[in-house]
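Worksheet: one structure, shown below.
In our numbering, the protein residues as written are 9 to 344.
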């Protein structure tokens, strides 16, 4: 005799996830809305596992999952947002219907800042394929305004989401370049990188729109991070190619701590110098100065920036990382 239907909702959900019985998963989630906090969180951890293993399965589960974004427990809301990030990265179509709910979390100033950060990240991944669903004036305003006031962890995700919006449709940010340029000197290198990348993407489509960002981009040629310098050089090269205005490039731009960073910045400095000299040529390196090239290199650049250095220091705050510890800095709390 099958006693599954008499089992507690959490037990049924775990079994349904393991058996890939997604209709049963959805039903169990509905029942778990009134379960204990610990049971709800355990259920959401099971969903995160499903999100990692089979993100496309979330299409039928989305309404039930999204309801947990307003759970009374902030840890449950964060687990929900993290699951949606995992799904959106792999299968943005599946999360597109959740854009309004994610946008509400982003806009809620009283929300736990990590929930807001993850909501912004999920929105960004959806924007790569569905920019029209994400890039409403209200959402873009929340993303931009937060760059001035939010916690560093949130600003990183806001900047990343803006980069994704640009990659999904460069025209969406064409008239907001000056706002992005105002934050190119942010203290956080990931914020600077993502925003330089967003500006470069806009320049791939409309180089003339970068004129108001030239000063801010030129200042980034002296940035302490080679990947930021490289993206700034790429954006300036696009601007120079469109306007014919030369940009002076100091040799110090080429300094880098790793072979990957050195190659990244060198390719883009060659592109900038060629554009400044008015040379008529294909990009010095395949993909530099193109939307496809930016798309194909941005994840690798971020991976390099966020990996611990050879001395075992946190890439964010510089503290020595303990061996064998969880992949989270004990000082600043950033993952690595």
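Even glycine gets a Cβ: it sits at the ideal position worked out from N, Cα and C.
Take the alpha-carbon of residue 48 and the one of residue 156: they are about 35 Å apart.
Remark: fewer than three beta-carbon pairs, one from each stretch, lie closer than 8 Å, so the segment 91 to 104 and the segment 115 to 125 are not flagged as touching. Under the three-state reduction of DSSP output, residue 103 falls in the helix class.
Residue 42 and residue 73 have their C-alpha atoms some 14 Å from each other. The Cβ atoms of residue 52 and residue 87 sit closer than 7 Å to each other. Here residue 191 carries a coil assignment [DSSP, helix/strand/coil]. At the C-beta level, residue 103 and residue 123 stay beyond 7 Å of one another. The straight-line gap separating the alpha-carbon atoms of residue 38 and residue 66 is approximately 15 Å.
Annotated as proximal: residue 206 and residue 170, with beta-carbon spacing under 7 Å. With respect to the 7 Å criterion, residue 274 and residue 234 are not classified as neighbours on the basis of their beta carbons. In the three-state reduction of the DSSP assignment, residue 120 falls in the coil class, being assigned neither a helical nor a strand state. One alpha carbon belongs to residue 50, the other to residue 20, and they sit about 12 Å apart. In the DSSP assignment, residue 337 falls outside any alpha helix (DSSP H), carrying neither H nor E. For residue 270, the enclosing alpha helix (DSSP H) covers residues 267 to 284. Spanning the alpha carbons of residue 83 and residue 57 requires a straight line of approximately 16 Å. Taking C-beta separations shorter than 7 Å and ignoring five residues to either side along the sequence, the partners of residue 75 in its chain run 41, following chain order. Judged by DSSP secondary structure, residue 152 falls within the alpha helix (DSSP H) whose first and last residues are 145 to 157. With a 10 Å radius around the Cβ and a threshold of 16 neighbouring Cβ atoms, residue 287 comes out exposed. Residue environment: residue 150 is assigned as buried (16 or more neighbouring CB atoms within 10 Å of its CB, all protein chains considered). Rounded to the nearest angstrom, the Cβ distance from residue 218 to residue 247 is 4 Å, consistent with a contact under 8 Å. Taking the Cα positions, residue 303 is about 37 Å away from residue 24. Under the criterion of beta carbons closer than 8 Å, residue 238 and residue 276 qualify as touching, at roughly 4 Å. Counting every other CB atom within 10 Å of its CB across the protein chains shown gives residue 300 a total below 16, marking it as exposed. In this structure, DSSP gives residue 229 a state outside helix and strand, which the three-state scheme calls coil. Restricting attention to 189, 211, 177, the CA atom closest to the CA of residue 228 is found in 189. DSSP places residue 140 inside the alpha helix (DSSP H), whose first and last residues are 139 to 142. A distance of 7 Å or more separates the beta carbons of residue 163 and residue 210.
Contact annotation: residue 250 and residue 216 have beta-carbon atoms nearer than 7 Å. For the options 139, 201, 63, 101, the alpha carbon positioned closest to that of residue 176 is the one of 139.
In the structure shown, residue 113 falls within a helical segment according to DSSP collapsed to helix, strand and coil.
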